[in-house]
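Trainee:
In my numbering, the protein residues as written are 9 to 400.
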C-alpha cells in the first residue's frame, strides 16, 4: 500500500496524543491532530494515559474493571522490573492503535499489516537515544498482532524544537540559543539548542518539581481537613466489609485530582479548583441496589475546593529558583543566554507558568507551544528526515 502519511504518537504519563502529516497538499505543512476519541475540541481529542487493573491480573481500558494504573512510561530496563507496568503499557499501546483507526478514516490498513502511513513515537527528553529505541522496540513487540511497526523513535526535545523551528523560520527569525523547558508530570527537563545543535552539558532534569507534585500538594492540603479524615475512615470500613480492601483510595484520589486540575486549566476557571469522588459508588456494584444507598452515599463523598494559587505558593517559589539555576548554569558554561525560551509539556498550560519563566530568565521572548507539540513536532521531524531536508 502506498504511504501517504506519517503518524506520530506521544504517550505521556498524563496524556496521550497523536498527530498526522501528509506527503501531499491535503494538509497544511504542519498537519493535523489525530482523534483518539470523539470530540471537536482539540484538547479533548487526547486521552488519559491510564488502564485499569481488576485485581486478579487482568488489565483493560475499561474503567468499570478496576482501579486505575498510570505512571507506567518508564525506561524499559526499569519497566521490565514491574510486571503490572509492563502489562499496562502493552495493553495501552494496543488500545491506542485501535482508537487511531476507529476515529480517523484517512488511516487505511489492508488486514495484512500493510498501511498507508508510517508510524513514529516520541520519547522523554532526558532519555538517551538507545533508551528511546528500546522503548520503540517494546511497543513494536506489543503491536506485532497488528502487523505494524514503529519506524522512528524521536526525542521529545527534538520534536518540540522542530515544532518551534517550523513556525519561527517562517518568520525568517531563527534564534541562535533556544532553551526548551519540558514541564512534565515526573520532571522538568531542560534542553539547550545552540544554532540548532543540542548542548549535552546543559541537558538537565529536575525531578523534584514535576507537575505531579501539584496534585500531591492539593491532596496533602485536603487531608488536613477533619471532614477528609471522616470520609476516608468510613470509606475504608465500607470497602473492608465488602471485601474490596485492595482498592487504593489515595491513588484514586490523586487520579481524580489530576483530572480536575486539568479541567480547571482547560475550561478556564483556574485558580478555582474543585473535585468530588465517591470511591464506593465506583467500585461496589451492590451499593447501587442497596435501598439505603441514596440516603447514605453523600456521607462517602470526598468533596474539596480551594484556590490553587494559594495552595501552590511555596511550590511556585521553588519553581522560580529552578529556572534561575539553569539560567546561571548556562551563563557559567559559556556565557550563554537564552534568546528564546520554548515551553512545552502539560504543566505549561497553567496560566502562571509563563510569568515565572519571564522572572527567571533575562529574555522576555517566550514561545508557548500549541497543544501537542511533541506529537506534532515528531511527525514534522520524521517527514523532514524522510525527505532528507532537516536543517537542524
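We put the beta carbon where it would ideally sit given N, CA and C, even for glycine.
If residue 17 sits next to residue 383, beta carbons under 8 Å apart, how far is it from one beta carbon to the other, in whole angstroms?
Mentor: That pair is a contact at about 7 Å.
Trainee: Please classify residue 380: is it buried, with 16 or more other beta-carbons within 10 angstroms of its beta-carbon, or exposed?
Mentor: Buried.
Trainee: Residues bridged to residue 376 by DSSP?
Mentor: Residue 376 pairs with 351.
Trainee: Hey, is the stretch 38 to 46 in contact with the stretch 86 to 100, meaning 3+ C-beta pairs nearer than 8 Å?
Mentor: No, the stretch 38 to 46 is not in contact with the stretch 86 to 100.
Trainee: Give the DSSP bridge partners of residue 202, in chain order.
Mentor: Paired residue(s): 185, 205.
Trainee: Under DSSP, the beta strand (DSSP E) around residue 285 begins and ends at which residues?
Mentor: Its beta strand (DSSP E) spans residues 280 to 285.
Trainee: How many angstroms separate the CA atom of residue 352 from the CA atom of residue 152?
Mentor: Each residue's Cα considered, the two are about 32 Å apart.
Trainee: Measuring CB atoms only, is the stretch 195 to 202 touching the stretch 356 to 371, in the sense that at least three cross pairs come out at less than 8 Å?
Mentor: Taking 8 Å as the limit for Cβ pairs, the verdict is that the stretch 356 to 371 does not touch the stretch 195 to 202.
Trainee: State the Cα-Cα distance for the pair residue 259 and residue 300, rounded to the nearest angstrom.
Mentor: Each residue's Cα considered, the two are about 27 Å apart.
Trainee: Taking all protein chains shown into account, do 16 or more other C-beta atoms lie within 10 angstroms of the C-beta of residue 387, making it buried, or fewer, making it exposed?
Mentor: Per the 10 Å Cβ criterion, buried.
Trainee: Whole angstroms are fine: how far does the CA of residue 9 sit from the CA of residue 220?
Mentor: Residue 220 and residue 9: Cα-Cα distance of roughly 43 Å.
Trainee: Between 279, 273, 266, which has its C-alpha nearest residue 76's C-alpha?
Mentor: Closest by alpha carbon: 266.
Trainee: Mark residue 122 as exposed unless 16 or more other C-beta atoms lie within 10 angstroms of its C-beta, in which case mark it buried.
Mentor: The residue in question, residue 122, is exposed, as its Cβ has fewer than 16 Cβ neighbours within 10 Å.
Trainee: From residue 81 to residue 184, what does the alpha carbon distance come to, in whole angstroms?
Mentor: Roughly 32 Å between the two C-alpha positions.
Trainee: Grab the span of the alpha helix (DSSP H) containing residue 150 for me, first residue to last.
Mentor: Residue 150 -> alpha helix (DSSP H) spans 137 to 151.
Trainee: According to DSSP, is residue 38 part of a helix, a strand, or is it coil?
Mentor: Coil at residue 38, not helix or strand.
Trainee: For the alpha helix (DSSP H) that residue 257 lies in, which residues bound it at each end?
Mentor: First-last of the alpha helix (DSSP H) with residue 257: 257 to 274.
Trainee: Would you report the Cα separation of residue 354 and residue 22, rounded to the nearest angstrom?
Mentor: Their backbone Cα atoms lie some 8 Å apart in a straight line.
Trainee: Under the DSSP definition of a beta bridge, which residues are partnered with residue 197?
Mentor: BP columns for residue 197 point to 190, 213.
Trainee: Throw me the rounded Cβ distance for the residue 323 and residue 225 pair, which I believe falls under 8 Å.
Mentor: With 8 Å as the limit, residue 323 and residue 225 qualify as a contact, their Cβ atoms being about 6 Å apart.
Trainee: For the candidate residues 174, 187, 217, 211, whose alpha-carbon lies nearest to that of residue 195?
Mentor: The candidate whose alpha carbon is nearest that of residue 195 is 217.
Trainee: For residue 64, which of helix, strand or coil comes out of DSSP?
Mentor: Coil.
Trainee: Taking residue 30 as part of the alpha helix (DSSP H), name the residues at either end of that continuous run.
Mentor: Per DSSP, residue 30 belongs to no alpha helix (DSSP H); it is in the beta strand (DSSP E), 23 to 30.
Trainee: Could you tell me the alpha carbon to alpha carbon distance between residue 161 and residue 27, rounded to whole angstroms?
Mentor: Rounded to the nearest angstrom, the two C-alpha atoms are 15 Å apart.
Trainee: With a threshold of 6 Å on Cβ separation, who are the neighbours of residue 148 within its own chain once the five nearest residues in sequence on each side are excluded?
Mentor: Contacts found: 157, 158.
Trainee: Based on the DSSP secondary-structure assignment, which residues constitute the bridge partners of residue 75?
Mentor: In the DSSP output, where bridge partners are listed per residue, residue 75 has 61.
Trainee: Let me check understanding here. Comparing Cα to Cα, which of 395, 348, 366, 369 lies closest to residue 375?
Mentor: Per the Cα distances, 348.
Trainee: Let me make sure I understand the geometry here. Which of 129, 339, 256 has the alpha-carbon closest to that of residue 290?
Mentor: Ranking 129, 339, 256 by Cα distance to residue 290 puts 256 first.
Trainee: Distance, Cα to Cα, residue 447 vs residue 320?
Mentor: Coverage of the chain is limited to positions 9 through 400, which leaves residue 447 absent and any answer about it impossible.
Trainee: Can residue 346 and residue 207 be called in contact, C-beta distance under 8 Å?
Mentor: The answer is no: Cβ separation not under 8 Å.
Trainee: Using C-beta distances below 8 Å, list every residue in its chain close to residue 50, excluding the 5 sequence neighbours before and after it, in chain order.
Mentor: So the list reads 41, 379, 380, once near-sequence residues are dropped.
Trainee: Cutting at 8 Å between CB atoms, please list the residues of its own chain near residue 56, excluding the five before and the five after it.
Mentor: So the qualifying residues of the chain are 22, 23, 24, 78, 267.
Trainee: Can you give the Cα-Cα distance for residue 205 and residue 133, rounded to whole angstroms?
Mentor: Rounded to whole angstroms, residue 205 to residue 133 spans 14 Å at the Cα level.
Trainee: What are the partner residues of residue 4, as DSSP defines its beta bridges?
Mentor: Residue 4 is absent from the structure shown; the chain starts at 9 and stops at 400.
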